[in-house]
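Taken in sequence, the protein lines are chains A and B. For the first sequence, our numbering assigns the number 500 to the initial residue and increments by one for each residue that follows. For the second sequence, our numbering assigns the number 500 to the initial residue and increments by one for each residue that follows. This report concerns only the one structure given below.
2 protein chains.
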Amino acid sequence: MSDARDGVWVLTIGDELLRGEIVDSNKSHLSQRMLALELESARHVSVPDDPAAMEEILREAARRARVVLVSGGLGPTRDDLTTEIAARTFGRKLVRDAESLEQIRAFFRRFNREMASNNAKQADFPEGADILPNPVGTAPGFMLEVPGPAGAPPTQLFFMPGVPRELYRMLDEQVVPRLEARLGARRTVRARLLRTFGIGESNLDRMLSDLAQGDPDTVIGFRTQFPDNLVRILVRAADARTADAKLDVLERDVRARVGDLVVGVGERKLEEVVAELLRERKRTIAVAESITGGLIASRLTDVPGSSAYLLEGIVAYANDAKVRALGVSPESLAQHGAVSEPVARQMAEGMRRAGGADIGLATTGIAGPDGGSAEKPVGTLWLALADGEGTIAHRYQLMNDRARNKELASQLALDWIRRRLLGLPISAETFPRLLSAEPKK
Amino acid sequence: MSDARDGVWVLTIGDELLRGEIVDSNKSHLSQRMLALELESARHVSVPDDPAAMEEILREAARRARVVLVSGGLGPTRDDLTTEIAARTFGRKLVRDAESLEQIRAFFRRFNREMASNNAKQADFPEGADILPNPVGTAPGFMLEVPGPAGAPPTQLFFMPGVPRELYRMLDEQVVPRLEARLGARRTVRARLLRTFGIGESNLDRMLSDLAQGDPDTVIGFRTQFPDNLVRILVRAADARTADAKLDVLERDVRARVGDLVVGVGERKLEEVVAELLRERKRTIAVAESITGGLIASRLTDVPGSSAYLLEGIVAYANDAKVRALGVSPESLAQHGAVSEPVARQMAEGMRRAGGADIGLATTGIAGPDGGSAEKPVGTLWLALADGEGTIAHRYQLMNDRARNKELASQLALDWIRRRLLGLPISAETFPRLLSAEPKK
């Protein structure tokens with residue numbers, strides 16, 4: 500059986516893409532997931548909401564690839580033409596699916612709303628399509644099979660919404676399992692993402708790349724997702740059990756070298772890791788924020804159930820609030836300034852006391868672009884943490900713009916909580932140069 | 500002269516794109532810039548560093564578009580094949596350019612480095628190419644002209660580096676001027692983005708689309724950037740002054756219809772608009788957050804200089820914090836629950852008092868996914884604002900996941916501040932169905 504077709508073509512549809520109004524991250528996400536199935540993407544194409552352009556590219560992709568992933572154009576408006584054009588291109592009638600229609604209605608009912616009449620068309624599918632449910636939006640997706648070259652299996656075209664969170668979920672729950680089933684007895688690929696914080700990409704590369712040397716079935720990759728650096732480990736093996744075991748060994752080797760700078764696994768953010776640790780250990784926290792301006796509390800409350808451990812946050816921007824709400828001494832403020840070790844310590848201790856929490860955490864610093872001085876340049880950060888064992892405080896020098904300084908400071912603070920709960924050391928030297936450099940004298 | 504070709508095709512080249520390792524923002528940037536020259540992009544394509552794939556797509560693009568923008572594959576490594584393949588595709592010899600070679604050497608000298616031998620190939624160009632200098636990197640770009648259809652002007656293919664800052668600079672300094680010269684005495688295009696909050700895309704479409712009817716030189720477009728909906732107005736005219744005047748009239752017409760739901764212009768976020776209003780009017784604010792968990796304070800402190808007006812924030816997640824820090828009555832909490840009108844009002848008033856601010860703002864609600872009930876489903880939000888004129892409070896029903904409920908609640912809260920400072924009404928009816936629907940009994 501000869502099948503010289505490409506593995507995957509990825510098509511995204513929408514005028515907004517061709518006008519450059521949005522950066523299309525769906526294509527990279529789709530290709531990444533396909534690679535874990537050993538399916539290589541040969542082409543990414545975007546076309547506008549134009550029937551002729553859509554029909555042409557659908558036809559070409561169906562002819563040239565074994566799997567075609569399409570995203571966008573499944574919405575309820577006049578511009579959303581993908582379903583209609585797919586039906587026309589492959590000679591199918593449009594058929595309304597009663598079950599999907601009921602699910603769309605139910606989606607609106609959950610929010611006490613009536614379904615608008617134009618949403619009904621989202622329950623139309625080309626005849627013979629395999630419908631892909633959408634648990635987080637109104638637009639179901641669908642899969643069409645069209646004949647492949649003589650002797651080769653059919654081409655599968657998956658049509659998915661353009662909204663990333665709907666697309667991601669449908670991809671994982673509907674598309675990947677169907678492809679795995681189809682690929683059958685191929686070798687298993689397993690990949691894992693290790694999130695590190697506090698070490699640069701080139702250092703990671705230097706420390707780890709030899710782990711994959713000489714083994715074509717082991718791949719180690721690196722990428723930055725500010726403020727984290729990610730290590731992606733991938734192995735191929737005959738079956739899932741062997742692959743998982745091999746991956747476990749590789750992860751252990753990576754951790755042996757990178758140590759406690761590995762802060763998480765997968766898409767799990769540091770606030771989720773910290774949330775779980777706080778819950779597990781039944782510890783509570785209260786946060787006093789100056790430079791981070793509420794970002795730490797906001798990140799902690801992004802995690803469902805955060806009321807169990809986050810008792811209180813105070814954004815003490817004004818000195819008066821530091822004194823009144825946190826009990827910082829006016830003398831310390833006058834003598835050392837708001838960005839200083841004594842004030843950071845008093846903020847953490849005062850917050851712990853006021854909030855009645857196990858841990859009090861405090862940030863004070865200069866986010867920029869203004870407010871810096873020779874002694875305390877923009878990016879100066881004091882972090883302090885108070886708990887039953889005492890209070891620690893350290894100074895860092897951040898080197899980014901205001902938004903990234905806030906983000907990096909909040910990440911450092913969350914990592915302090917993680918370290919404290921795990922019994923790991925926290926010192927000024929815990930984080931390398933970029934984060935902790937003292938300003939030059 | 501008939502020229503049925505597409506305006507622009509954008510091609511990006513690199514294995515990393517097809518593996519999904521990076522999100523390609525170059526394509527949207529390139530298309531955006533082309534649109535300002537009245538050149539519409541008809542297709543975006545990415546192919547791997549594969550000679551056959553590159554040759555095929557270059558040939559197709561040169562045949563089908565008037566302008567082809569190519570980025571990537573100009574680096575010094577073995578994988579960087581774009582120049583070589585371009586030469587082969589269009590039947591040109593590769594010729595080394597002495598001046599470019601000297602500039603690459605000079606680039607390394609500036610950083611006290613020797614040029615590596617593989618960088619020399621970056622001074623090779625297809626014969627007849629117009630070389631595009633790269634002041635911020637080692638890889639110069641180039642432009643090739645190949646014959647167009649009979650009677651039509653030649654196709655111009657611009658080859659640029661994939662590194663965004665090198666690409667952006669070359670585009671602005673080398674490519675755009677060449678295209679402007681070629682397009683000659685064309686008309687001027689001016690565009691403006693109006694940000695609306697509280698009105699749906701389809702309603703905007705219905706209210707505004709006739710403003711562009713019958714005038715091919717006026718374009719009105721819509722897009723969503725959660726939680727805002729954006730109206731993009733674009734006009735073409737003989738010269739810049741006429742275009743600007745026409746655009747001013749169009750903006751006035753849009754505002755006459757959409758009214759105070761226009762919350763900003765351009766890329767300016769609502770927190771920046773609110774910050775400017777607070778500064779101008781010398782008003783101060785303190786924020787008590789439950790459902791938003793610090794996000795309002797964090798957004799306000801994203802704006803430089805926010806210490807001038809944001810006096811304090813309290814993330815009062817625990818009931819105890821609501822009582823102690825904000826003076827909410829335990830009886831109200833017991834009788835009505837934390838998500839209720841009396842508690843929202845007391846939070847806003849208590850925050851105003853405690854923070855010594857002109858305005859006290861409070862949020863309480865159920866972000867989800869858990870914690871909802873029949874009476875107070877997930878997405879229930881109470882907003883309250885207290886100032887010298889009294890206290891207002893309204894209930895909203897949000898319909899998203901936790902992250903978006905937080906974001907939408909923070910946006911509503913910021914818009915309340917904007918409205919209050921501008922003397923605009925705030926009522927439960929201020930925002931249409933999507934935001935303010937009361938739950939059905």
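Where is the CB? At the ideal position from N, CA and C, for every residue including glycine.
Contact list for residue i against chain A, beta-carbon separation under 9 angstroms
| i | result |
| --- | --- |
| B:Glu811 | Ile813, Val814, Ala815, Tyr816, Ala817, Asp819, Ala820, Arg823, Ala824 |
| B:Val838 | Those within 9 angstroms of B:Val838 in chain A number zero; the least Cβ separation is about 12 angstroms. |
Contacting residues, own chain, Cβ-Cβ under 6 angstroms from residue i (five flanking each side not counted)
| i | result |
| --- | --- |
| A:Ala873 | none |
| A:Ala796 | Val786, Gly812 |
| A:Arg754 | Val761 |
| A:Leu568 | Val509, Leu529, Phe657 |
| A:Leu536 | Leu678 |
| B:Gly765 | Leu692 |
Contact set between residue i and chain A, taken where Cβ atoms lie within less than 8 angstroms
| i | result |
| --- | --- |
| B:Ser527 | Leu516, Gly519, Glu520, Ile521, Val522, Asp523 |
| B:Arg901 | Asp801, Pro803 |
| B:Ser926 | Correct list: empty, because the minimum Cβ distance to chain A is about 20 angstroms. |
Simplified DSSP assignment, three categories, for residue i
| i | result |
| --- | --- |
| A:Met476 | Outside the shown range of chain A, which is 500 to 940, sits residue 476 of chain A, and nothing can be said about it. |
| B:Gly836 | coil |
| A:Ser540 | strand |
| A:Pro938 | Any reading at A:Pro938 must be qualified, since the residue scores a pLDDT of 35, below 50, and its modelled position is unreliable; no value is offered. |
| A:Arg735 | strand |
| A:Asp623 | strand |
| A:Ala561 | helix |
| B:Ala892 | strand |
| A:Gln531 | helix |
| A:Gly812 | strand |
| B:Phe725 | coil |
| B:Asp869 | coil |
| A:Thr863 | strand |
| B:Gly950 | Here chain B comprises residues numbered 500 to 940, so residue 950 of chain B is not present and cannot be evaluated. |
| B:Ala785 | strand |
| B:Leu933 | Reliability fails at B:Leu933, whose pLDDT of 48 lies under 50, so the model's placement of it is uncertain and the value that follows must be treated cautiously. Helix. |
| A:Phe641 | strand |
| A:Ser524 | coil |
| B:Ala690 | strand |
Proximal residues of chain B, C-beta to C-beta of residue i below 7 angstroms
| i | result |
| --- | --- |
| A:Thr723 | Chain B residues near A:Thr723: none, gap ~10 angstroms exceeds 7 angstroms. |
| A:Gly878 | What A:Gly878 touches in chain B: nothing, since even the nearest Cβ is about 14 angstroms away. |
| A:Pro868 | Pro803 |
Cutoff 7 angstroms; reference residue i; Cβ partners in own chain excluding five residues on either side
| i | result |
| --- | --- |
| B:Trp881 | Val838, Ser839, Glu840, Ala843, Thr863, Gly864, Ala892, Arg894 |
| A:Asn618 | Pro575, Ile603, Thr637 |
| A:Trp595 | In the sequence as presented, Trp is not what sits at residue 595 of chain A; that position holds Arg. Excluding positions up to five away in sequence, the list reads Ala622, Asp623. |
| B:Ala936 | Legend: pLDDT at B:Ala936 = 39, less than 50; position of this residue unreliable, value from coordinates given subsequently. Taken in chain order, the residues that qualify are Gln896. |
Where residue i meets chain A, residues with beta-carbon distance less than 7 angstroms
| i | result |
| --- | --- |
| B:Ser797 | Gly792, Gly793, Leu794, Ser797 |
Residue i: contacting residues in chain B (beta-carbon distance under 8 angstroms)
| i | result |
| --- | --- |
| A:Ser806 | Tyr816, Ala817 |
Contacting residues, own chain, Cβ-Cβ under 8 angstroms from residue i (five flanking each side not counted)
| i | result |
| --- | --- |
| B:Leu703 | Thr695, Phe721, Asn728, Val730, Val757 |
What are the residues of the segment 530-551 of chain A that lie near chain B, defined by any Cβ-Cβ distance shorter than 9 angstroms? Ser530, Gln531, Arg532, Met533, Leu534, Glu539, Ser540, Ala541, Arg542, His543, Val544, Ser545, Val546, Pro547, Asp549
Of the residues that make up the segment 597-625 of chain B, which ones have a beta carbon closer than 8 angstroms to any beta carbon in chain A? Going along the segment 597-625 of chain B in chain order, one finds no residue with a Cβ nearer than 8 angstroms to chain A.
Residues within the segment 845-861 of chain A neighbouring chain B, beta-carbon criterion of under 9 angstroms: Ala853, Gly854, Gly855
Below 8 angstroms, can you find three or more Cβ-Cβ pairs linking the segment 801-814 of chain B to the segment 832-842 of chain B? no
At a Cβ cut of 7 angstroms, what residues of the segment 569-583 of chain A count as close to chain B, listed as they run along the chain? Thr576
Taking 8 angstroms as the threshold, find out whether the segment 771-785 of chain B comes into contact with the segment 784-794 of chain A through three or more Cβ pairs. Flag = no, the segment 771-785 of chain B and the segment 784-794 of chain A do not touch.
Contact between the segment 504-523 of chain A and the segment 545-562 of chain A (3+ Cβ pairs under 8 angstroms): yes
If contact means a Cβ-Cβ distance below 7 angstroms, which residues of the segment 689-708 of chain A contact chain B? none
Counting pairs of beta carbons, one from the segment 523-532 of chain B and one from the segment 511-525 of chain A, are three or more of them closer than 8 angstroms? The segment 523-532 of chain B vs the segment 511-525 of chain A: in contact.
Is the segment 707-718 of chain B close to the segment 665-678 of chain B, with three or more CB pairs under 8 angstroms? They do not touch, by the three-pair rule.
Would the segment 653-667 of chain A and the segment 733-746 of chain A be scored as touching if the rule is three or more Cβ pairs under 8 angstroms? no
At least three beta-carbon pairs within less than 8 angstroms, the segment 762-775 of chain B to the segment 902-915 of chain B: yes
Sufficient close CB pairs (3 or more, under 8 angstroms) joining the segment 816-828 of chain A to the segment 842-861 of chain A: Yes, since at least three Cβ pairs between the segment 816-828 of chain A and the segment 842-861 of chain A fall closer than 8 angstroms, the two stretches touch.
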